[in-house]
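Note that this note's numbering has the sequence shown beginning at 5, numbered continuously upward. Accompanying notes for the structure given below.
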Amino acid sequence: MSTTTISSFAFFFLLLGVLLHVGVAVEHKVGGNFGWNLPSTPTFFSDWASNRTFFVDDKLIFESRSNEVHSIGQPISQADFDGCVNPSFVFRKVQFISLSQPMRRYFMSTFGDDCEAGMKFAINILPKPRNSAAKVGAWPMLLFSIATIMANLFMF
């Protein structure tokens, strides 16, 4: 097989992987590269959350530095969230949380004064977009068309 043919196949499979990613749930690493750690500014996590869109079936990934201990509490109301009221149910070693239904959810660290220092955020979880199934349904035809074009370009 020539180098051109191998490169063409590699490009095709790379393109295929990118195209098939449409409609898949997204994993959001809470805090981005900073992670679920005590922030230097009280609005860090709220700012992080406000720049994202969350859908049903997405996941929140909570990663902390190995030398830091943080829990994850889920207050049930805006008032509890605003007042950093510890919820009765707290996750101590959870790494991810699935977003299973459209609603507003609140998250905070219940360890020490973490919440008061800004280690909390609220998100609105949206329903899955209705047109995502239609978009995914169109991909097989698009992939077939791309494969046909590539075959004609590199086989003849």
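No residue lacks a Cβ here, since even glycine has one placed at the ideal position from N, Cα and C.
Between Q78 and F93, the C-beta gap is smaller than 8 Å, which places the two residues in contact. Judged by beta-carbon spacing, D61 lies beyond the 8 Å limit of H32, meaning their Cβ atoms are not closer than that value.
Within the same chain, G122 come within 8 Å of T47 by CB-CB distance, once the 5 residues on both sides are set aside.
Boundaries for A126: no alpha helix (DSSP H) harbours it, while the beta strand (DSSP E) harbouring it runs K124 to L130, taken from the DSSP string.
Nearest to I127 by alpha-carbon distance, out of M112, F95, G116 and G87, is M112. The Cβ neighbour count for A83, taken over all protein chains shown within 10 Å, is under 16; the residue is labelled exposed.
F66 carries a coil assignment under DSSP once its states are collapsed to helix, strand and coil.
Here DSSP, grouped into helix, strand and coil, assigns S44 to coil. Around the beta-carbon of V34, 16 or more other beta-carbon atoms lie within 10 Å, marking it buried. Only exposed fits F100, as fewer than 16 other CB atoms lie within 10 angstroms of its CB.
For the set D117, S104 and C119, the Cα lying nearest the Cα of I129 is the one of S104. In this structure, the CA atom of P91 is about 27 Å from the CA atom of N37.
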